[in-house]
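Single-structure report; data block below.
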Amino acid sequence: MEHITLLLAIVIVTALVFDFTNGFHDTANAMATTISTGAMKPKAAVAMSAVLNLVGAFLSVEVAKTISSGIVNESGITPEVIFAALVGAILWNLLTWLVGLPSSSSHALMGGLIGATIASVGVSGVNGGTVITKVLIPAIAAPLVAGIGAYLASRLTYRIGRNADTKATAKGYRAGQIASAGLVSLAHGTNDAQKTMGIITLALVAGGVLNPGSNPPLWVIVSAGVAIALGTYLGGWRIIRTMGKGLTDLQPQQGFAAQTSAASVILASSNLGFSLSTTHSCSGAVMGAGLGRKGGVVRWSTATRMFVAWGLTLPAAGLVAAGSEFVTQQGDWGVAVVAAFLIASSAAIWVYSRRQVVDHTNVNEADEAGELGETETPGVVTAAMAAVTPPPAGVPAQDDIKTTIPAPSAATSESGPASPAAV
Amino acid sequence: MKIDWVALGSVFGVSLVATVAIVGLFTLGIVGLSKQATATAGSGGGSPALARSGAYLCFALCLAAVSYGIYLIIT
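Respectively, the protein sequence lines represent chains A and B.
Residues 1 to 423 in the working numbering are what the first sequence spells out, letter by letter.
Residues 1001 to 1075 in the working numbering are what the second sequence spells out, letter by letter.
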């Protein structure tokens, strides 16, 4: 740790911040259905997920050798490029968290790396074909694979259990769901904490502190594990609400089917050489399970916004990263400017989020976590709610709603989605 | 650009089969246990002992699947 320059220190801290956002962004993957079906209390669920993420970070023997899976040419990568990529990824994670949409942290990071690489060495540093095979195809395949599995599994479990007493079986389903969710958490800790370790190691190698090919030092492993666990424990309640309640309404059977499907897909994909995003798999599984129950509905408006967010992940993170890289290239002051920009933007997003707080107390209350400002039309309101109460006119303009009391009724939760419309 | 359809297909097949099998087994286990509970209460038919051991067998298989999952994560 002796020759760590200021720049390197900044990169390491930024990587840990990314790890942290990754943690709270992805809590929903493992725990959203567990929380929404009542299998676990919200706080207990995130605590369990955090512990398993931490454990997962230490489980893996294999070090993430590549952080971009070959999408960019990593041989000439500099700490500045990594820094710029992280800035793009963090801001995209925070923004999607603010609007309560699940999106892939890995894709955000890949987008950031692509953008920063283009700004740094030009388009030649990016392998276009790999972008399609590693990003586009998996983004389409993951929700389909997990969704079909969860759909069939839900159908099956309702069919087998159609004569059983719902009360007697609910407890069993919850136990099963917790087990599946635990597996997802563990796999997440292994994959994603490892990614941060890979980033820090790569930065240390690029900065000449470590020899190429060396394993991450213990402090890197520990800090990456702790950062992701802390983030997980903090809980991305907005995203949990969207996944657990916003996309569809889940009963214990469906939650179990969804979580099992997600766990199977994640484990199968990471072991059979076609890696699929955890976030995409889990979202797909939730929707598939939603459709698997008779009379079950998926709120396609929410799902559409989520798909739009997935499509925007790469370009958005890439653009921010490219801009950041351009500024950092100007010299030390550029790095300082970008760091200040990152801190200011994060603070602004956090302040904005305080306007309508979503936390463990109200994560299951609202039907719809539709706080999307940038692409959305009034369609954020669920069909059911719209039928009961028409959206108050002029709400999107009321930017100054100061309420921090979470949506106690249908009417206020309708004004909720619109209030951050000026993002 | 070469899309590895074989890998994608096997991911699809394996996860589909695993999901449906595990969920099916687990449901059978739960239903078996709940049948057993009603049987001992004197209202249901069938052999409670058979239902119970069948349920435990199902749960054991699920447990094996979970253990295999953990094994896959570790290695």
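Each residue gets a CB set at the ideal place from its N, CA and C atoms; glycine is no exception.
Is there a C-beta anywhere in chain B that falls below 8 angstroms from the one on residue i?
i, result
"residue 352 of chain A", "no"
"residue 150 of chain A", "yes"
"residue 392 of chain A", "Residue placement at residue 392 of chain A is flagged as unreliable, the pLDDT there being 41, under the threshold of 50; the coordinate-derived value follows with that caveat. Not an interface residue."
"residue 165 of chain A", "yes"
"residue 160 of chain A", "yes"
"residue 137 of chain A", "yes"
"residue 417 of chain A", "Residue placement at residue 417 of chain A is poorly supported in this model, since its pLDDT is 42, which falls under 50; the coordinates still yield a value, given next. No, residue 417 of chain A lies away from the interface with chain B (no Cβ there is under 8 angstroms from its Cβ)."
"residue 271 of chain A", "yes"
"residue 321 of chain A", "no"
"residue 45 of chain A", "no"
"residue 145 of chain A", "yes"
"residue 268 of chain A", "yes"
"residue 56 of chain A", "yes"
"residue 157 of chain A", "yes"
"residue 123 of chain A", "no"
"residue 126 of chain A", "no"
Quick one: is residue i near chain A, going by C-beta distance under 8 angstroms?
i, result
"residue 1061 of chain B", "no"
"residue 1051 of chain B", "no"
"residue 1044 of chain B", "Low local confidence applies: a pLDDT of 48 at residue 1044 of chain B is under 50, so the model's placement there is unreliable, with the coordinate-based value given in what follows. Cβ-Cβ to chain A under 8 angstroms: no for residue 1044 of chain B."
"residue 1064 of chain B", "no"
"residue 1072 of chain B", "yes"
"residue 1008 of chain B", "yes"
"residue 1054 of chain B", "no"
"residue 1015 of chain B", "yes"
"residue 1047 of chain B", "no"
"residue 1033 of chain B", "yes"
"residue 1057 of chain B", "no"
"residue 1020 of chain B", "yes"
Quick check: residue i and residue j, are their CB atoms within less than 8 angstroms of each other?
i, j, result
"residue 286 of chain A", "residue 276 of chain A", "no"
"residue 349 of chain A", "residue 101 of chain A", "no"
"residue 56 of chain A", "residue 187 of chain A", "yes"
"residue 298 of chain A", "residue 290 of chain A", "yes"
"residue 303 of chain A", "residue 115 of chain A", "no"
"residue 97 of chain A", "residue 317 of chain A", "no"
"residue 258 of chain A", "residue 296 of chain A", "no"
"residue 104 of chain A", "residue 242 of chain A", "no"
"residue 424 of chain A", "residue 86 of chain A", "A question about residue 424 of chain A goes unanswered here, because the residues of chain A that appear run from 1 up to 423."
"residue 260 of chain A", "residue 1023 of chain B", "yes"
"residue 1066 of chain B", "residue 206 of chain A", "no"
"residue 363 of chain A", "residue 4 of chain A", "no"
"residue 71 of chain A", "residue 1031 of chain B", "no"
"residue 18 of chain A", "residue 89 of chain A", "yes"
"residue 314 of chain A", "residue 107 of chain A", "yes"
"residue 78 of chain A", "residue 244 of chain A", "no"
"residue 284 of chain A", "residue 146 of chain A", "yes"
"residue 1020 of chain B", "residue 168 of chain A", "no"
For residue i, does the count of other Cβ atoms within 10 angstroms reach 16, so buried, or fall short, so exposed?
i, result
"residue 135 of chain A", "buried"
"residue 173 of chain A", "buried"
"residue 351 of chain A", "exposed"
"residue 347 of chain A", "exposed"
"residue 300 of chain A", "exposed"
"residue 10 of chain A", "buried"
"residue 250 of chain A", "buried"
"residue 163 of chain A", "exposed"
"residue 294 of chain A", "exposed"
"residue 177 of chain A", "buried"
"residue 155 of chain A", "buried"
"residue 434 of chain A", "Chain A is shown only over 1 to 423; residue 434 of chain A falls outside these bounds and no answer can be derived."
"residue 340 of chain A", "exposed"
"residue 354 of chain A", "exposed"
"residue 281 of chain A", "buried"
"residue 208 of chain A", "exposed"
"residue 192 of chain A", "buried"
"residue 151 of chain A", "buried"
Does the Cβ of residue i lie closer than 7 angstroms to at least one heavy atom of the ligand GTP?
i, result
"residue 316 of chain A", "Ligands are entirely absent from the displayed structure, and the ligand GTP is therefore not among its contents."
Under 8 angstroms: do the segment 124–140 of chain A and the segment 218–227 of chain A share three or more Cβ pairs, one atom per stretch? no
Does the structure place the segment 248–267 of chain A close enough to the segment 206–214 of chain A that three or more beta carbon pairs sit under 8 angstroms? no
Uninterrupted alpha helix (DSSP H) stretches inside the segment 222–303 of chain A (no shorter than 4 residues): 237–241, 252–271, 278–292
If contact is defined by three or more beta carbon pairs under 8 angstroms, each pair taking one atom from either stretch, is the segment 39–50 of chain A in contact with the segment 225–242 of chain A? yes
Check whether the segment 190–210 of chain A touches the segment 320–339 of chain A, counting contact only when three or more Cβ pairs, one atom from each stretch, lie closer than 8 angstroms. no
Say whether the segment 26–37 of chain A touches the segment 239–253 of chain A, bearing in mind that this needs 3 or more beta-carbon pairs closer than 8 angstroms, one atom from each stretch. yes
Are three or more beta carbon pairs between the segment 1024–1032 of chain B and the segment 1057–1075 of chain B nearer than 8 angstroms? yes
Continuous alpha helix (DSSP H) assignments of at least 4 residues falling wholly in the segment 35–119 of chain A: 42–59, 79–98
At what residue ranges does the segment 317–346 of chain A contain a whole run of the alpha helix (DSSP H), taking only runs of 4 or more? none
Could you tell me which uninterrupted alpha helix (DSSP H) segments, each at least 4 residues in length, are contained entirely in the segment 123–206 of chain A, listed from first to last along the chain? 128–131, 137–160, 166–188, 194–206
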